[in-house]
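Asker:
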Amino acid sequence: MRVITGSRRGKKLKTLDTLDTRPTTDMVKEAVFSAIQFDVPGSQVLDLFAGSGQMGIEALSRDASHCVFVDSNPAAVAVIKENITDCKFNKESRVLNMDSLEYLKVAKGQFDIVILDPPYGFGTIEKVLPELDKHLSDRAIVICEHEKGLELGDEFGRLKKHKRYKYGKIAVTIFKIPTEEE
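Heads up, the sequence shown is in numbering that gives the first Met the number 0, so the first residue is 0 and it goes up one at a time.
1. State yes or no: is the C-beta of L100 within less than 8 Å of the C-beta of V113?
2. Are I56 and D70 touching if we call contact CB-CB under 8 Å?
3. Between V67 and D85, what straight-line distance do the alpha-carbon atoms span, to the nearest angstrom?
4. Please report the straight-line C-alpha distance between L12 and A77, rounded to a whole angstrom.
5. Between which two residues does the beta strand (DSSP E) holding K12 run?
6. Can you have a look at E144 and say buried or exposed, based on whether 16 or more other CB atoms are within 10 angstroms of its CB?
7. Rounded to the nearest angstrom, what separates I169 and F121 at their Cα positions?
8. Tell me the DSSP secondary structure of I35 in three-state form.
9. Can you give me the C-alpha to C-alpha distance between L47 and D111, rounded to a whole angstrom?
10. According to DSSP, which residues form a beta bridge with S92?
11. My assumption, with CB atoms under 8 Å, is that Y119 sits in contact with E146. Please give the rounded CB distance.
12. From this set, D116, N96, I35, E150, which residue's C-alpha is nearest A74's C-alpha?
13. Under the rule that 16 or more other beta-carbon atoms within 10 Å means buried, what is F187, buried or exposed?
14. What residues are listed by DSSP as bridge partners for E154?
15. Taking the runs of the alpha helix (DSSP H) that are 4 residues or longer, which of them lie wholly in the segment 69–143?
16. Considering only residues of the same chain and omitting the five flanking positions on each side of D116, which have a CB-CB separation below 6 Å?
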């Protein structure tokens, strides 16, 4: 696993040696960041269910200004911290070892990009999406990586379904807060 492009292009990232964490493939990561490439620079990013932190690190490499990484697994948090240090993104990062829904209850600030890639099959995305609204900027984008068979609703608060992509057994649904022009 590596950083695809930006200031840390080609940098190798560590992953957890466990079946509980499922790293996003390079193909899916590249497709996601191609879809949002013009929204990343200067953005505030939230990487929930961060795993190895690769999606948030990719955003930082592409000039996001800050990323909050949240994961409930202490081993994942250790890997995230190691990857952030190796990429020299300590100043631009905050890493929290806590449950994602609990984080949303206490989070302050607003995010421009939220990345959701929870464990599949537990209904987690459906629980998290309605809780995001108060944490989103007016230009927010939410990226949901999930199993292909899951169909998410069209609206969650101000968020409206923008696009859905399929990659083998994986699907990515992107939600946006529409601008006045949209």
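No residue lacks a Cβ here, since even glycine has one placed at the ideal position from N, Cα and C. For clarity, every value in this text was computed on a predicted model and none was experimentally measured.
Answerer: According to the structure data:
1. In the sequence shown, counting from the first residue as 1, residue 100 sits at position 101. In the sequence shown, counting from the first residue as 1, residue 113 sits at position 114. Contact: no.
2. As a first step, residue 56 is located in the sequence shown; it is residue number 57 there, counting from the start. As a first step, residue 70 is located in the sequence shown; it is residue number 71 there, counting from the start. Not in contact: I56 and D70 (Cβ atoms no closer than 8 Å).
3. Looking up residue 67 in the sequence shown gives position 68. Looking up residue 85 in the sequence shown gives position 86. Approximately 17 Å between the Cα atoms of the pair.
4. Reading the sequence shown from its first residue, position 13 is the one you call residue 12. Reading the sequence shown from its first residue, position 78 is the one you call residue 77. Spanning the two alpha carbons is a distance of roughly 13 Å.
5. The sequence position of residue 12 within the sequence shown is 13, counting from 1. Residue identity check: residue 12 is Leu in the sequence provided, not Lys. Careful: L12 lies outside any beta strand (DSSP E) and carries neither H nor E.
6. In the sequence shown, residue 144 corresponds to position 145, counting from 1. E144 is buried by the Cβ-count criterion.
7. Locating residue 169 in the sequence shown gives position 170, counting from the first residue. Locating residue 121 in the sequence shown gives position 122, counting from the first residue. Distance between the alpha carbons of I169 and F121 is about 15 Å.
8. By one-based count along the sequence shown, residue 35 stands at place 36. Helix at I35.
9. For the purposes of this step, residue 47 is identified with residue 48 of the sequence shown, where counting begins at 1. For the purposes of this step, residue 111 is identified with residue 112 of the sequence shown, where counting begins at 1. Taking the straight line from one Cα to the other gives about 13 Å.
10. In the sequence shown, counting from the first residue as 1, residue 92 sits at position 93. Note: S92 sits in a beta bridge opposite C66.
11. As a first step, residue 119 must be located in the sequence shown, where it is residue number 120. As a first step, residue 146 must be located in the sequence shown, where it is residue number 147. Yes, they are in contact, since the Cβ atoms of Y119 and E146 sit about 5 Å apart, within 8 Å.
12. Sequence index remark: in the sequence shown, residue 74 carries index 75 (1-based). That would be N96, whose Cα lies nearest to the Cα of A74.
13. Given that the chain is displayed from residue 0 to residue 181, the structure contains no residue 187 and the question cannot be resolved.
14. As a first step, residue 154 must be located in the sequence shown, where it is residue number 155. Note: E154 sits in a beta bridge opposite K159.
15. 73–86, 99–105, 123–127
16. Looking up residue 116 in the sequence shown gives position 117. Contacts found: F48, E144.
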